[in-house]
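There are 2 protein chains.
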Amino acid sequence: MNAVTIHDPTLRDGQHAVRHQLSAAALRGYAEAADAAGVPVVEVGHGNGLGASSLQVGRAAVSDDVMLSTVREALRHSRMAVFMLPGWGTSDDLRKALAHGADVVRVGVHCTETSLAERHLEFLAGEGAEAHCVLMMSHMATPAELAEHAATAVGYGARGVGIMDSAGHFLPRDVSERIGAIAAAVDVPVIFHGHNNLGMAVANSVAAAEAGATVVDACARGFGAGAGNTQLEVLVPVLERTGFTTGIDLYALLDAAEYAERELVPAPPVTGSLSIVSGLAGVFSGFKHPVLEASGRAGVDPRDVFFELGRRQAIAGQEDLIVDVVAHLREAAR
Amino acid sequence: MNAVTIHDPTLRDGQHAVRHQLSAAALRGYAEAADAAGVPVVEVGHGNGLGASSLQVGRAAVSDDVMLSTVREALRHSRMAVFMLPGWGTSDDLRKALAHGADVVRVGVHCTETSLAERHLEFLAGEGAEAHCVLMMSHMATPAELAEHAATAVGYGARGVGIMDSAGHFLPRDVSERIGAIAAAVDVPVIFHGHNNLGMAVANSVAAAEAGATVVDACARGFGAGAGNTQLEVLVPVLERTGFTTGIDLYALLDAAEYAERELVPAPPVTGSLSIVSGLAGVFSGFKHPVLEASGRAGVDPRDVFFELGRRQAIAGQEDLIVDVVAHLREAAR
Chain E
1 MNAVTIHDPT
11 LRDGQHAVRH
21 QLSAAALRGY
31 AEAADAAGVP
41 VVEVGHGNGL
51 GASSLQVGRA
61 AVSDDVMLST
71 VREALRHSRM
81 AVFMLPGWGT
91 SDDLRKALAH
101 GADVVRVGVH
111 CTETSLAERH
121 LEFLAGEGAE
131 AHCVLMMSHM
141 ATPAELAEHA
151 ATAVGYGARG
161 VGIMDSAGHF
171 LPRDVSERIG
181 AIAAAVDVPV
191 IFHGHNNLGM
201 AVANSVAAAE
211 AGATVVDACA
221 RGFGAGAGNT
231 QLEVLVPVLE
241 RTGFTTGIDL
251 YALLDAAEYA
261 ERELVPAPPV
271 TGSLSIVSGL
281 AGVFSGFKHP
291 VLEASGRAGV
301 DPRDVFFELG
311 RRQAIAGQED
321 LIVDVVAHLR
331 EAAR
Chain V
1 MNAVTIHDPT
11 LRDGQHAVRH
21 QLSAAALRGY
31 AEAADAAGVP
41 VVEVGHGNGL
51 GASSLQVGRA
61 AVSDDVMLST
71 VREALRHSRM
81 AVFMLPGWGT
91 SDDLRKALAH
101 GADVVRVGVH
111 CTETSLAERH
121 LEFLAGEGAE
131 AHCVLMMSHM
141 ATPAELAEHA
151 ATAVGYGARG
161 VGIMDSAGHF
171 LPRDVSERIG
181 AIAAAVDVPV
191 IFHGHNNLGM
201 AVANSVAAAE
211 AGATVVDACA
221 RGFGAGAGNT
231 QLEVLVPVLE
241 RTGFTTGIDL
251 YALLDAAEYA
261 ERELVPAPPV
271 TGSLSIVSGL
281 AGVFSGFKHP
291 VLEASGRAGV
301 DPRDVFFELG
311 RRQAIAGQED
321 LIVDVVAHLR
331 EAAR
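Here the protein sequences line up with chains E and V, keeping their order.
Sequential numbering of the first sequence, starting at 1, is according to full-length UniProt numbering.
Sequential numbering of the second sequence, starting at 1, is according to full-length UniProt numbering.
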């Protein structure tokens, strides 16, 4: 039986679904429930990570300091994790997180831009922290490229490395190839983080574990933006049935998920048209609101906009491309 | 490129989620939208099929006659299907459905009780109708047993045969084995019908197609009881990406799903604790309400009741077993 370490970003990635408005009481309640179930790692923060609370991507209801101290206090056995995107987060934020007792620090970068994590991973390694590097929008790179970037991150000091299916684009065989290539290239734990745009989050996560991932992310009730993340309390028993051990108590986990449904998740994730289209197109679903706005004004089909953004390989931060694409499609329709 | 025929029971299996209360206007609206998208087969009826509207399983808002004539009128290209469970439905109901212009008639039986379909399949074959036989709760039989029962059904005159994962218990390799065994045993189209209790409905349906199923069921927005069915508008593009053709127009299908979300589905299917537990236990999720009632009165954990029902191989119609199991668990806890 191979062990899989479940990494639970309900209190971080889930924040995207509530515009970062989880209260300290909700953070505490869920962290206690996850801890009681034996979830090994509980991640907390603004949806975009340390230091991201801002007018631009949304101000969180609670400061990073309060989030971290609240969850730290609530966890008796589980380890606490934080996430940071270089640019939003700084070395000061990392220092603060370590001072609050973060056990695992994840640095996220676009899948072909590992160098952006160099300074932070080296800083964390120097502090003796367990640093992970996660490659986002990983469908935009080949297995070989991902393996190379993963190895680079390990060279910077990452003690765990892996991929996020940020657009929810993968099918299981895509995941197997990529995780397999990374697992063959590094000797640290390999991470997989899925999204459910094509209904494949659980199947992709099982495929990841079978291909060598030993850290798998999942959120209670699939809490997360758009189509949501991998549903934690489904993934755990499915992994166990497939022959993996997680060390998690099923009934207590189901209780934690019910707490989440009651206290965190205002509405269950729905796989709507734009979630499906963005998954097919390989575009970050966070583009949904600006795409709807720009396409509505111009009278073009937002689904066409997503597919064209996919052809142009748009990535987060390139929201200005939306206006170009909308203008192009309007012109083409004349 | 292999072709898959999508069979859409939104207006039949989805009825379980609304206690069979879909109005004639909603039936017409969805049937028109599915027809416009090129969905090849649209199934309609009470959730439990022809003749099932009753106090015992719920009276439908609309009679079988009105359902059939309404959908028949709405379909210009799609074929119309009906479902019947021997016992609820009778030969008279089949005659009526054929008179209304049903193109495909499905007879459903417990996976090891094909003989119950004999008379009906022979009658339908005699009428020149396209009769299908679907084996329900198919996780309770081995691949070899299913293949044998499938061949028996073809002997009775079925022109299509396959399995329903009624409890949502399968993982993809379970489906591959079973569909593969059936496809090797018969020379008629092989059917797969999934449920999403373990988050695997889409992955299982793709596995079915890869193993030789050429008729795959799916419902708009996964509409259906409990964790719901396979989500139609996700499955179709995923099948296409996997190398199958469906002949369905994606945008029109997304439009149909949006119509369903607006007019048919009061709340999106949620994979809650009892959906997960019933899927793991291999018990029909329709047991949920009687289990909750009996376990609540006795102060036992409904999750334990589901797992014990699974060990006892309970099937639909054996709801009286619930009381035994609850008494047994209460006794054991003393």
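Think of the CB as a built atom: it goes at the ideal place given N, C-alpha and C, for glycine as much as any other residue.
Any Cβ of chain V within less than 7 Å of the Cβ of residue i?
| i | result |
| --- | --- |
| THR245 (chain E) | no |
| ALA209 (chain E) | no |
| ALA36 (chain E) | no |
| VAL57 (chain E) | no |
| GLN313 (chain E) | no |
Beta-carbon within less than 6 Å of residue i's beta-carbon, same chain only, minus the 5 sequence neighbours each way: which residues are those?
| i | result |
| --- | --- |
| PHE284 (chain E) | SER166, ALA167 and ALA316 |
| ASP217 (chain E) | HIS7, PRO9 and HIS193 |
| ALA213 (chain V) | ILE179, VAL190 and PHE192 |
| ASP304 (chain V) | LEU329 |
| ALA151 (chain E) | ALA185 and VAL186 |
| THR295 (chain E) | With the sequence shown as reference, residue 295 (chain E) is identified as Ser, and Thr is not the correct amino acid for it. Closer than 6 Å at the Cβ level, and outside the excluded window around SER295 (chain E), lie PRO302, VAL305 and VAL326. |
Comparing C-alpha positions only, which one of the options sits nearest to residue i?
| i | options | result |
| --- | --- | --- |
| LEU171 (chain V) | E:ARG241, E:ALA61, E:GLY199 and E:GLN21 | E:ARG241 |
| TYR156 (chain V) | V:ILE163, V:HIS169, V:VAL175 and V:HIS132 | V:HIS132 |
| GLU319 (chain E) | E:ARG330, E:PHE306, E:VAL161 and E:THR5 | E:PHE306 |
| ARG72 (chain E) | E:ALA102, E:GLY272, E:VAL57 and E:ALA129 | E:ALA102 |
| GLN21 (chain V) | V:ALA34, V:ALA33 and V:VAL44 | V:VAL44 |
| GLY282 (chain V) | V:HIS139, V:VAL265 and V:ALA208 | V:HIS139 |
| LEU250 (chain V) | V:ALA26, V:ASP13, V:GLY38 and V:VAL270 | V:GLY38 |
| TYR30 (chain E) | E:GLY58, E:PHE123 and E:MET80 | E:MET80 |
| HIS120 (chain E) | E:ARG297, E:HIS110, E:ALA209 and E:ASP92 | E:ASP92 |
| THR230 (chain E) | E:ASP13, E:ALA332 and E:PRO143 | E:ASP13 |
| ILE182 (chain V) | V:CYS111, V:MET84, V:HIS46 and V:GLY87 | V:CYS111 |
| GLY224 (chain V) | V:ALA153, V:ASN2 and V:VAL270 | V:VAL270 |
| TRP88 (chain V) | V:ARG334, V:GLY49 and V:ILE276 | V:GLY49 |
| LYS96 (chain V) | V:PRO40, V:SER69 and V:VAL109 | V:SER69 |
| SER176 (chain E) | E:HIS149, E:PRO143 and E:VAL154 | E:PRO143 |
| ALA26 (chain E) | E:TYR259, E:ALA332 and E:PRO268 | E:TYR259 |
| VAL134 (chain V) | V:HIS100, V:ARG173 and V:VAL82 | V:VAL82 |
| LEU85 (chain V) | V:ALA220, V:MET67, V:SER115 and V:ALA209 | V:SER115 |
| ALA298 (chain E) | E:GLU331, E:PRO268 and E:GLY310 | E:GLU331 |
Residues in the same chain with beta-carbon distance under 7 Å from residue i, minus the five sequence neighbours each way, listed in chain order, please.
| i | result |
| --- | --- |
| VAL23 (chain V) | For the sequence presented, residue 23 (chain V) should be read as Ser rather than Val. Taken in chain order, the residues that qualify are ALA61 and VAL62. |
| THR90 (chain V) | GLY51 |
| LEU98 (chain V) | GLU127 and ALA129 |
| VAL18 (chain E) | PRO266 |
| GLU32 (chain E) | ALA74 |
| VAL291 (chain E) | PRO302, VAL305, PHE306 and ILE322 |
| HIS16 (chain V) | GLY47, GLY224 and ALA225 |
Please decide whether residue i counts as near chain C, where near means a Cβ-Cβ distance under 7 Å.
| i | result |
| --- | --- |
| PRO9 (chain E) | In the structure shown, chain C does not exist; the protein chains are E and V. |
Within the same chain, show all residues whose beta-carbon is closer than 8 Å to that of residue i, passing over the 5 residues directly before and after it, in chain order.
| i | result |
| --- | --- |
| VAL238 (chain E) | VAL202 and VAL206 |
| ASP35 (chain E) | VAL42, ALA74, LEU75, ARG76, HIS77 and SER78 |
| ARG312 (chain V) | LEU321 and VAL325 |
Between residue i and chain E, is the shortest Cβ-Cβ distance under 7 Å, so that the two count as touching?
| i | result |
| --- | --- |
| VAL234 (chain V) | yes |
| PRO237 (chain V) | yes |
| GLY199 (chain V) | yes |
Should residue i be counted as a contact of the ligand FAD given a C-beta to heavy atom distance under 6 Å?
| i | result |
| --- | --- |
| TYR156 (chain E) | Of ligands this structure carries none, so the ligand FAD is not represented either. |
Against chain E: residues of the region 253-273 of chain V by CB proximity under 9 Å: Those residues of the region 253-273 of chain V that come within reach of chain E (Cβ to Cβ, closer than 9 Å) are LEU254, ASP255, ALA257, GLU258, GLU261, ALA267, PRO268, PRO269, VAL270, THR271, GLY272 and SER273.
Selection of the region 270-298 of chain E by Cβ proximity to chain V, strictly under 8 Å: Within the region 270-298 of chain E, the residues whose Cβ lies closer than 8 Å to some Cβ of chain V are VAL270, THR271, GLY272, SER273, ILE276, VAL277 and LEU280, listed in chain order.
Members of the region 158-190 of chain E near chain V, C-beta cut-off 8 Å: LEU171 and PRO172
Contacting positions in the region 202-232 of chain E - beta carbon closer than 7 Å to chain V: Within the region 202-232 of chain E, the residues whose Cβ lies closer than 7 Å to some Cβ of chain V are VAL202, ALA203 and GLN231, listed in chain order.
3 or more residues per run - each beta strand (DSSP E) lying fully within the region 14-55 of chain V: 41-44
Every unbroken alpha helix (DSSP H) within the region 175-248 of chain E, with a cutoff of 4 residues, ordered by chain: 201-211 and 232-242
Sequence ranges, alpha helix (DSSP H) only - wholly within the region 72-105 of chain E, length at least 4: Those alpha helix (DSSP H) runs which fall completely within the region 72-105 of chain E and span 4+ residues are 91-99.
Inside the region 108-181 of chain V only - beta strand (DSSP E) runs reaching at least 3 residues: Segments of the beta strand (DSSP E) lying fully in the region 108-181 of chain V: 130-136 and 160-164.
Members of the region 300-331 of chain E near chain V, C-beta cut-off 7 Å: If the cut-off is 7 Å between Cβ atoms, the region 300-331 of chain E has ARG303 near chain V.
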